[in-house]
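Numbered according to our numbering, the sequence shown terminates at residue 664, and the numbering increases by one at each position without gaps.
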Amino acid sequence: MSRRLACLLAPTLCWTTVATAGEASLADLSLEELVRLDVSAVSRKAQKLSDTPAAITVLSAADIRRSGARSVPEALREVPGVIVAQIGSGRWAVGVRGAEGRFSNKLLVQIDGRSVYSPLFSGVFWEALDVMLADVERIEVIRGPGASLWGANAVNGVINIVTRKATTSLGGLVSASVDDRGNPTVAVRQGVSLGDAGAMRVYAKGSDLAPSHTRDGRSEPDYNRGWLAGFRMDGAGSGVDAWMLQGNTSRRTSGENINTSSLTGDGLLIPLDFVFESTNLLGRYNWGLAGGEASLQAYMDHQLANVGTYGRGTVNTADLDFQHRLVPSGTHELMWGLGARMVQTEIIATSAVLNLTPPRRNVRVFSAFVQDEITLDPQTWKLTLGGRFEYSSLARFEPQPTARLMWTPNLKDSLWASWSRAARTLSIGESDASILFGAQPTPAGSPFPLVVVGSRPGPGWNRRAERVDTLELGYRRNLGNGSVEAVLFHNNYHRLVSEWYDPSGLILPTSSLPVEPFVAPLQYMQRGSEGSARSHGVELAVDVPVTDALRLQASYTLMDTRVRRGADEAAAVGGRALEQAAPQHWGTLRMSFNLGGGKEVDVAARHVGAVGAGDVPAYTAVDFRYAWRVSRYFDLYFVAQNLFDPLHLEYVSNFFPSQPVYQPRRAFIQGVWRF
-10 MSRRLACLLA
0 PTLCWTTVAT
10 AGEASLADLS
20 LEELVRLDVS
30 AVSRKAQKLS
40 DTPAAITVLS
50 AADIRRSGAR
60 SVPEALREVP
70 GVIVAQIGSG
80 RWAVGVRGAE
90 GRFSNKLLVQ
100 IDGRSVYSPL
110 FSGVFWEALD
120 VMLADVERIE
130 VIRGPGASLW
140 GANAVNGVIN
150 IVTRKATTSL
160 GGLVSASVDD
170 RGNPTVAVRQ
180 GVSLGDAGAM
190 RVYAKGSDLA
200 PSHTRDGRSE
210 PDYNRGWLAG
220 FRMDGAGSGV
230 DAWMLQGNTS
240 RRTSGENINT
250 SSLTGDGLLI
260 PLDFVFESTN
270 LLGRYNWGLA
280 GGEASLQAYM
290 DHQLANVGTY
300 GRGTVNTADL
310 DFQHRLVPSG
320 THELMWGLGA
330 RMVQTEIIAT
340 SAVLNLTPPR
350 RNVRVFSAFV
360 QDEITLDPQT
370 WKLTLGGRFE
380 YSSLARFEPQ
390 PTARLMWTPN
400 LKDSLWASWS
410 RAARTLSIGE
420 SDASILFGAQ
430 PTPAGSPFPL
440 VVVGSRPGPG
450 WNRRAERVDT
460 LELGYRRNLG
470 NGSVEAVLFH
480 NNYHRLVSEW
490 YDPSGLILPT
500 SSLPVEPFVA
510 PLQYMQRGSE
520 GSARSHGVEL
530 AVDVPVTDAL
540 RLQASYTLMD
550 TRVRRGADEA
560 AAVGGRALEQ
570 AAPQHWGTLR
580 MSFNLGGGKE
590 VDVAARHVGA
600 VGAGDVPAYT
610 AVDFRYAWRV
620 SRYFDLYFVA
630 QNLFDPLHLE
640 YVSNFFPSQP
650 VYQPRRAFIQ
660 GVWRF
């Protein structure tokens, strides 16, 4: 009867298999067990969350499931210090402690140790990133620099997505969901045992995401659709006797409008159609070495971004990473490692809008890191000193040190203070690209239109990486089945890259216009005080089980960013974008109810303050999720988003001047079939 009812409610529902006993173990952890959960993003080793001297949030598989998220950015909405805005169908602006945008160039994102940070425009193509959320074990979010261990670009934070081992995901999965507009998402997975050798799973997923609305109510050409397929194999061993091999391939297409103006000053919308293709292969092997633990990881990655008639870019990456954790000696626990990465980029421009010189680059990155955890007083005081020393052929040698002091006066309370330095390597676009953004209306007193062009670096260019120094003070209390956390932070940015209008100008010859347009190139500069900024703020998080059936989670972030302006800085737009591209405060409140009989209800409210860039107003939205375990093998879900707020603007992109899109109410129905 229950299965017939489910079929009547959603004929194209999703049947999702979640594996058998081993797979569900993490999802069933209590809050107290989650506080003791091993994390690896901060120290590159398994470490209890309660012993971590950093601002880190771990989203478990249960957290992701109960959030109703269908993508990684949606799941990140509940993390303090992380600001997430949807800017289109499958397109997101994600940032940690501000500086969010279409490409958040100060945020490093990894999947199982493989970086998905693109060197083309220094950021993550979120619209091209797709993962099987049912196979994600946890998402670790470091708020603050993580470059001392993970390298350049981990400036404001690190997002480490960890997928389940194949040995814990045995069984089948067939998943299909449909939203209120009829857009489907279908996924299949099968995990099999390889006996004493380990286990393997294979999977595939396809989705067609619903479009957003533009100001005039149209949704075209806002779309995002594509597919993902891959595998993962894990050995039967663990710890110092473990190996893993995985690979993925995907293809997604995405479309949007670009806001610009014609040479006559009239408004103009240019449709852009993106095609993203990706293939990667990653392997890791752990073994015992000199009485300690060693790990060797290597991956190859191919990325293609095709922008219709305007051009295409490819990125081929080969990465090798070695680390060795020595046997603790006295009060010291030492870890060191070496890394090498070769990146080959090629951007082929097929129109006058984009030009790169040179069109092909080979980038080499070599690094070494060392970290020493010093026990000053057993179970009370711990000092962590470390640093990463990195050389990139696109920038100079960059040391990225850190120092962390942690005090744990008892088993419940921990207080830490830290200082860290991180660097961001400049992108290929900043180094080599010229982009024609479009023409602006004729300036007062000027007889010709003004054309704004992105150009190669100007005379103040020195290819030095951007840098941030961060001070942090944090407190965490374990409440048994809950936790409380408060973090104060201060960021001091140096050598920020800013875009400047070149006052000298150029003349673009043309015979089709009544007057010749004036071309004002944008040049990337790093000189004087224009490349400096400061930000500071506070992050609060509470996770409390009120009763056995009710759990409350809340987070709030308040921050302020100030850019230092010099006499000539009225022409700069890069620093101003940093200051205005994020709200000054945002917060979330979630109530999770267990109704008994396999029924769950989750209600989440989020409030986001106004954003200066694009004059985006503040908004409040409410999401609702209902789950029903119909039988031992079948679950049913219903999710409704943006209740009580039928239409709101979340963000206007600060990289491509996209047509503003509005997020309406959304709902989808999904089911889960385990076998």
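Cβ coordinates follow ideal geometry from the N, Cα and C atoms, glycine included.
- The beta-bridge partner set that DSSP reports for residue 268 consists of 238, 291.
- Taking 8 angstroms as the upper bound for CB-CB distance, residue 398 and residue 369 are in contact here, some 7 angstroms apart.
- Close CB contacts of residue 174 within its chain, under the 6 angstroms cut and outside five residues either way in sequence, are with 166, 196 (chain order).
- DSSP links residue 391 through a beta bridge to 375, 409.
- Its chain contains 313, 314, 315, 316 as the residues whose beta carbon lies nearer than 7 angstroms to that of residue 281, once the 5 sequence neighbours on both sides are disregarded; these appear in chain order.
- In summary, residue 386 is exposed, with fewer than 16 beta-carbon neighbours lying within 10 Å of its beta-carbon over all protein chains present.
- Between the C-alpha atoms of residue 228 and residue 278 there is a straight-line separation of about 12 angstroms.
- DSSP places residue 78 in the coil class of the three-state scheme, outside both helix and strand.
- Per DSSP, residue 595 is one residue of the beta strand (DSSP E) stretching across 588 to 597.
- One thing to note: residue 396 has its Cβ no nearer than 9 angstroms to the Cβ of residue 461.
- The Cβ atoms of residue 43 and residue 411 do not sit closer than 9 angstroms to each other.
- Given a length threshold of 3 residues, each whole run of the beta strand (DSSP E) inside the stretch 128 to 183 is given here in chain order: 146 to 152, 160 to 168, 173 to 182.
- By the Cβ-count criterion, residue 128 is buried, with 16 or more other Cβ atoms from all chains shown falling within 10 Å of its own Cβ.
- No Cβ-Cβ contact shorter than 9 angstroms links residue 467 with residue 537.
- Inclusion of residue 311 and residue 284 in the CB contact set at 9 angstroms is warranted, their separation being smaller than that value.
- Residue 551 is classed as exposed because its beta carbon has fewer than 16 other beta carbons within 10 Å across all chains shown.
- Here the alpha carbons of residue 181 and residue 190 stand approximately 6 angstroms from one another.
- By the CB criterion at 9 angstroms, residue 272 and residue 286 fall inside the cutoff.
- Residue pairing for residue 653: DSSP places it in a beta bridge opposite 636.
- Membership of residue 59 in any beta strand (DSSP E) is not indicated, and neither H nor E is assigned to it by DSSP.
- Under DSSP, residue 194 forms a beta bridge with 176, 217.
- For residue 275, the beta-bridge partners assigned by DSSP are 231, 284.
- Taken atom to atom, the span from the alpha-carbon of residue 305 to that of residue 415 is near 17 angstroms.
- The beta carbon of residue 112 sits closer than 6 angstroms to those of 92, 93, 94, all from its chain and outside the five residues before and after it, given in chain order.
- Exclusion of the five residues before and after residue 591 leaves 55, 581, 614 as the residues of its chain whose Cβ lies within less than 6 angstroms of its Cβ.
- Rounded to whole angstroms, residue 234 and residue 535 show a C-alpha spacing of 42 angstroms.
- Judged by their CB atoms, residue 75 and residue 82 are nearer to each other than the 9 angstroms cut-off.
- In the structure shown, residue 67 falls within a coil segment according to DSSP collapsed to helix, strand and coil.
- Between residue 224 and residue 187, the CB-CB gap stays under 9 angstroms.
- Straight-line measurement puts the Cα of residue 139 at about 33 angstroms from the Cα of residue 593.
- Residue 50 sits away from residue 116, with the two beta carbons spaced by 9 angstroms or more.
- Annotation for residue 607: 598, 599 place their beta carbon closer than 6 angstroms to its own, counting only its chain and skipping 5 residues before and after.
- Residue 96 counts as buried, since no fewer than 16 other beta carbons sit within 10 angstroms of its beta carbon.
- Where residue 49 is concerned, the enclosing beta strand (DSSP E) starts and stops at 45 to 49.
- No Cβ-Cβ contact shorter than 9 angstroms links residue 132 with residue 61.
- Secondary-structure assignment with DSSP links residue 461 through a beta bridge to 407, 478.
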